[in-house]
Amino acid sequence: MSEQLLDVQDLRVMLPTRKGLLTAVDGVSMSIAAGEVLGVVGESGAGKSLTGAAITGLLEPPLYIANGKIELEGKRIDNLSYSKMRRIRGKQIGAIFQDPLTSLNPLYSVGRQLVETITTHLPVSDAVAKRQAIDLLKEVGLPAAEARIGHFPHQFSGGMRQRVVIALALCANPRLIIADEPTTALDVSIQAQIIRLLKRLCREHKTAVMLITHDMGVIAETADRVAVMYAGRIVEVGPVKDVIKNPHHPYTVGLMNSIPSIAREVEWLTQIDGAMPRLNDIPDGCAFHPRCPHAFERCRRERPNLIPMRNSQAACWLCKKEGADEQRQ
Amino acid sequence: MLAFIIRRILQSIVVMLMVALLSFTLFRYVGDPVVSMVGRDTTFEERAALRETLGLNDPIVVQFGRFVKNASMGDFGISYEQRRPVIDLIAERAPATLELSFVSGLFALVVGVFMGVYSGLHKDGFLSKLFQSVSLVGISLPPFLIGILLIYLFAVILGWLPSMGRGEVRQLGFWSTGFLSFSGLISLILPAITLGLFQMTLIMRLVRSEMLEVMRTDYIKFARARGLTNRAVNFGHALKNTLVPVITVTGLQLGQIIAYSIITETVFQWPGMGYLFLQAVQRVDLPVMGAYLVLVALIFVVINLIVDFLYYVVDPRLRMEGGAVS
Ligand SMILES: Nc1ncnc2c1ncn2[C@@H]1O[C@H](COP(=O)(O)OP(=O)(O)OP(=O)(O)O)[C@@H](O)[C@H]1O
Ligand code: SF4
Ligand SMILES: [Mg+2]
Numbered sequence: 176m177s178e179q180l181l182d183v184q185d186l187r188v189m190l191p192t193r194k195g196l197l198t199a200v201d202g203v204s205m206s207i208a209a210g211e212v213l214g215v216v217g218e219s220g221a222g223k224s225l226t227g228a229a230i231t232g233l234l235e236p237p238l239y240i241a242n243g244k245i246e247l248e249g250k251r252i253d254n255l256s257y258s259k260m261r262r263i264r265g266k267q268i269g270a271i272f273q274d275p276l277t278s279l280n281p282l283y284s285v286g287r288q289l290v291e292t293i294t295t296h297l298p299v300s301d302a303v304a305k306r307q308a309i310d311l312l313k314e315v316g317l318p319a320a321e322a323r324i325g326h327f328p329h330q331f332s333g334g335m336r337q338r339v340v341i342a343l344a345l346c347a348n349p350r351l352i353i354a355d356e357p358t359t360a361l362d363v364s365i366q367a368q369i370i371r372l373l374k375r376l377c378r379e380h381k382t383a384v385m386l387i388t389h390d391m392g393v394i395a396e397t398a399d400r401v402a403v404m405y406a407g408r409i410v411e412v413g414p415v416k417d418v419i420k421n422p423h424h425p426y427t428v429g430l431m432n433s434i435p436s437i438a439r440e441v442e443w444l445t446q447i448d449g450a451m452p453r454l455n456d457i458p459d460g461c462a463f464h465p466r467c468p469h470a471f472e473r474c475r476r477e478r479p480n481l482i483p484m485r486n487s488q489a490a491c492w493l494c495k496k497e498g499a500d501e502q503r504q
Numbered sequence: 079m080l081a082f083i084i085r086r087i088l089q090s091i092v093v094m095l096m097v098a099l100l101s102f103t104l105f106r107y108v109g110d111p112v113v114s115m116v117g118r119d120t121t122f123e124e125r126a127a128l129r130e131t132l133g134l135n136d137p138i139v140v141q142f143g144r145f146v147k148n149a150s151m152g153d154f155g156i157s158y159e160q161r162r163p164v165i166d167l168i169a170e171r172a173p174a175t176l177e178l179s180f181v182s183g184l185f186a187l188v189v190g191v192f193m194g195v196y197s198g199l200h201k202d203g204f205l206s207k208l209f210q211s212v213s214l215v216g217i218s219l220p221p222f223l224i225g226i227l228l229i230y231l232f233a234v235i236l237g238w239l240p241s242m243g244r245g246e247v248r249q250l251g252f253w254s255t256g257f258l259s260f261s262g263l264i265s266l267i268l269p270a271i272t273l274g275l276f277q278m279t280l281i282m283r284l285v286r287s288e289m290l291e292v293m294r295t296d297y298i299k300f301a302r303a304r305g306l307t308n309r310a311v312n313f314g315h316a317l318k319n320t321l322v323p324v325i326t327v328t329g330l331q332l333g334q335i336i337a338y339s340i341i342t343e344t345v346f347q348w349p350g351m352g353y354l355f356l357q358a359v360q361r362v363d364l365p366v367m368g369a370y371l372v373l374v375a376l377i378f379v380v381i382n383l384i385v386d387f388l389y390y391v392v393d394p395r396l397r398m399e400g401g402a403v404s
């Protein structure tokens, strides 16, 4: 294969229910190069977290991967046994979750949680692991790391806890970190700080990041490329610069108009009318058509696949025309 | 921390005083102590003299004070029935009850936690469903029925285990123990199961639901995402987080076990305090009843204190005063 770090092909995640099988993630393909930051954005329920969970092998039953292929450094990881996958988690793919307040076990000191993670993955003694843990805590900007390593999670503020969580995700030096809304639960005033820290650390450690968020603004500042998800599918993907400057999919346009910093030129902020469809009534054709201001006959009948544009790809029938136009030029 | 300990101890003393008052009232006002103590042909003057020497004419507060003082030194008076100091009767019987309760409690805790963890981790497994059904039996059948069924099966039909008494008992100073002989040990089995079955099912159900709850938490998901082994996640992280409620319930239930040993001791003719109490009730032996009441309350209070201290050991959020955030 290519020299991509992570390569996801046609991933489909299904949810068996009493009323039948539902498709929660529908044919998602994406790749992340070493050291790259891929932003994944979309409204609540788009399937972002499930995509992340499928990659780390942590889908909760009854959810399961029905189709597709996930390769890490050219090796398939979607069909590994639980114990083989366990060795990859934390060591090659780290994870950061939304809520730092609840991500740490309240009964153990942060030092103990770090040491246990390090010694699980690396052949070092507890003493060495402890020294590494202190270094890591310093690296994530925890003041007085030596003194605080024995402290318990409840003795830290939210921002500090998220720094500890980042240290935990980085402590075995994984090649990829999946950060699922790492700042949503934090105070607005420290969100930017944590994102900047995450970005800096990953650059220094040459760690790639899959950054899942609702916030197009964060993506604009942080990511190299962006994938926009809607109803379990990727509807637009490409370099951040191109997608922001020239969004093709009406959903992407809608998302951007709802961000103050980017929509400034537009003069007004808009919400996209309507809501993300539930899994059991995803519309036929283009799943976005009930909310799309440009929907036309074909959108209701046929589902568009990703169509290559000059630098990006978008799944919208409007792009057929434009794409053709662009190619003609 | 120190303030907390002192506060808890003071609370315990208040509780004990209330129980003492109840026990005192029982002793003093349910029936006439003098009538119970003297023969039928005692003269009125002799009775009055006895009343005076017993201090029954003193103000109530003084009498209560004296009762508390005596009780705190282990003096609960003389049994009407057996004409011996109550405390001696109790001391003779206590080892039987305490050993039985200890074994039942241990059985309930060990088996209950094991079954609870198992069925929490394998929610839909065959064994889990079996445990759930067994636990229904434990919860819904009254202990005396379980005891009789066990006796019928293991003592009468199979003849494997003794159905009554403590077996051979060895004397260690004042303590008589059944732990040191084979017949003493096997005699413990049926009554211990009978007495502990309810508590075992309670602990099992509690551990199971706590485990299910904890397994859904973010820190367990994060522990998995960190690649920790199943063992570390299940036992290091999940089980420890179920401990606080388990300690509470186990502590309280241990008190229950001692209190409810009355029934089991009767079914198995176990020569313990419960049996003694039941005999005392039948013969309106008020000093024995009062003393038993106070003792059981004392055991409850002490267990509660221990439970509170165990919280501190397990949960750092309580251990640290205030838990200053920075
Ligand atoms: N364990 C589960 N059982 C059943 N349905 C689930 C489960 N987890 C997620 N879903 C459903 O799958 C869909 C996608 O969920 P997902 O968590 O991936 O969304 P998301 O894009 O991460 O949204 P959010 O921004 O709210 O986190 C949602 O409709 C959700 O209700
Ligand atoms: S395909 Fe049609 S409905 Fe879907 S986004 Fe494009 S224009 Fe709108
Ligand atoms: Mg999510």
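So the sequences go chain by chain: A and B.
Start counting the first sequence at 176; every next residue gets the next number (the numbering used here).
Start counting the second sequence at 79; every next residue gets the next number (the numbering used here).
Glycine included, every Cβ here is placed at the ideal spot set by N, Cα and C.
(Q) Taking the beta strand (DSSP E) that isoleucine 293(A) belongs to, which residues open and close that run? (A) No beta strand (DSSP E) holds isoleucine 293(A); the alpha helix (DSSP H) holding it covers 285-296.
(Q) With the cut-off set at 8 Å, would you say leucine 351(A) and methionine 385(A) are in Cβ contact? (A) yes
(Q) According to DSSP, is threonine 388(A) part of a helix, a strand, or is it coil? (A) strand
Q. What are the complete alpha helix (DSSP H) segments, minimum 4 residues, inside the segment 331-395 of chain B?
A. 351-360 and 364-392
(Q) Rounded to the nearest angstrom, what separates glycine 203(B) and alanine 186(B) at their Cα positions? (A) 22 Å
(Q) So, under 8 Å CB-CB, serine 241(B) and leucine 268(B) are touching, yes? Tell me the CB distance rounded to an integer number of Å. (A) 7 Å
**Q.** Cutoff 8 Å: threonine 295(B) Cβ touching any chain A Cβ
**A.** yes
Q. Hey, how far is the Cα of glutamate 246(B) from the Cα of glutamine 347(B)?
A. 14 Å
(Q) If you reduce the DSSP assignment to three classes, tell me which class leucine 345(A) lands in. (A) DSSP places leucine 345(A) in helix when its eight states are reduced to three.
(Q) Output needed in chain order: residues of the segment 315-340 of chain B with a Cβ under 7 Å from some Cβ in chain E. (A) The chain inventory of the structure shown lacks chain E, comprising the protein chains A and B.
Q.
By the DSSP assignment, the beta strand (DSSP E) with arginine 248(B) in it spans what residues?
A. 248-250
Q. In chain order, what are the residues with a CB under 5 Å from some non-hydrogen atom of ligand 5?
A. Here the bound small molecules are ligand 1, ligand 2 and ligand 3; ligand 5 is not part of this structure.
Q | Closest by C-alpha distance to glutamate 314(A), when choosing among Ala344(A), Ser300(A) and His326(A) | A | Ranked by Cα distance from glutamate 314(A), the first of Ala344(A), Ser300(A) and His326(A) is Ala344(A).
Q. Quick one: what does DSSP say proline 163(B) is sitting in, helix, strand or coil?
A. Strand.
Q: Given a cut-off of 8 Å, decide if threonine 226(A) and leucine 190(A) are closer than it, judged by their beta-carbon atoms.
A: no
**Q.** Under 7 Å from the C-beta of glutamate 291(A): neighbouring residues of chain B
**A.** Simply Leu306 and Ala310.
Q: List in chain order: all unbroken beta strand (DSSP E) runs of 3+ residues lying wholly within the segment 371-415 of chain A.
A: 383-388, 400-405 and 408-414
(Q) Quick check: is any heavy atom of ligand 3 less than 7 Å from the C-beta of aspartate 355(A)? (A) yes
Q: Consult DSSP for asparagine 421(A) and reduce its assignment to one of helix, strand or coil.
A: coil
Q: Assign glutamine 504(A) to one of two classes, buried (16 or more other C-beta atoms within 10 Å of its C-beta) or exposed (fewer than that).
A: With a pLDDT of 46 at glutamine 504(A), under the threshold of 50, the modelled position of this residue cannot be trusted, and the question is left open.
Q) Which of the three DSSP states, helix, strand or coil, is assigned to lysine 194(A)? A) coil
Q: Please check if any C-beta of chain B sits within less than 8 Å of the C-beta of leucine 343(A).
A: yes
**Q.** proline 425(A): CB within 7 Å of a non-hydrogen atom of ligand 2
**A.** yes
Q | Chain-ordered neighbours of aspartate 274(A) on chain B, where CB pairs are closer than 8 Å | A | Asp296
**Q.** Residue range of the beta strand (DSSP E) that includes asparagine 242(A)
**A.** 239-247
(Q) For isoleucine 447(A), report the span of its alpha helix (DSSP H) as first-last. (A) Where isoleucine 447(A) is concerned, there is no enclosing alpha helix (DSSP H), given that its DSSP letter is neither H nor E.
(Q) Beta-carbon within less than 6 Å of alanine 228(A)'s beta-carbon, same chain only, minus the 5 sequence neighbours each way: which residues are those? (A) For alanine 228(A), the CB contacts under 6 Å within the same chain, skipping 5 residues up- and downstream, are Leu234 in chain order.
Q.
Given the structure, does proline 422(A) come close to ligand 2, in the sense that its CB is under 7 Å from one of the ligand's heavy atoms?
A. no
Q: Identify, in the order they occur along the chain, each residue of the same chain with its Cβ nearer than 6 Å to the Cβ of valine 191(B), setting aside the five sequence neighbours on each side.
A: The answer, listed in chain order, is Val285.
Q) Is the Cβ of aspartate 393(B) closer than 8 Å to any Cβ of chain A? A) For aspartate 393(B), the nearest beta carbon of chain A is closer than 8 Å to its own beta carbon.
Q: State buried or exposed for phenylalanine 82(B), treating a residue as buried only when at least 16 other CB atoms are found within 10 Å of its CB.
A: exposed
Q.
Please tell me whether leucine 280(B) and glutamine 331(B) are closer than 8 Å, where the distance is taken between their beta carbons.
A. yes
Q. If you draw a straight line from the alpha carbon of leucine 88(B) to that of valine 97(B), how long is it in whole angstroms?
A. Taking the Cα positions, leucine 88(B) is about 14 Å away from valine 97(B).
Q) In its own chain, which residues sit with a C-beta less than 6 Å from the C-beta of alanine 470(A), not counting the 5 before and 5 after it? A) His464
Q. Counting only beta-carbon atoms, is serine 278(A) nearer than 8 Å to chain B?
A. yes
Q: Kindly say whether phenylalanine 82(B), judged by its beta-carbon, lies nearer than 8 Å to any beta-carbon of chain A.
A: no
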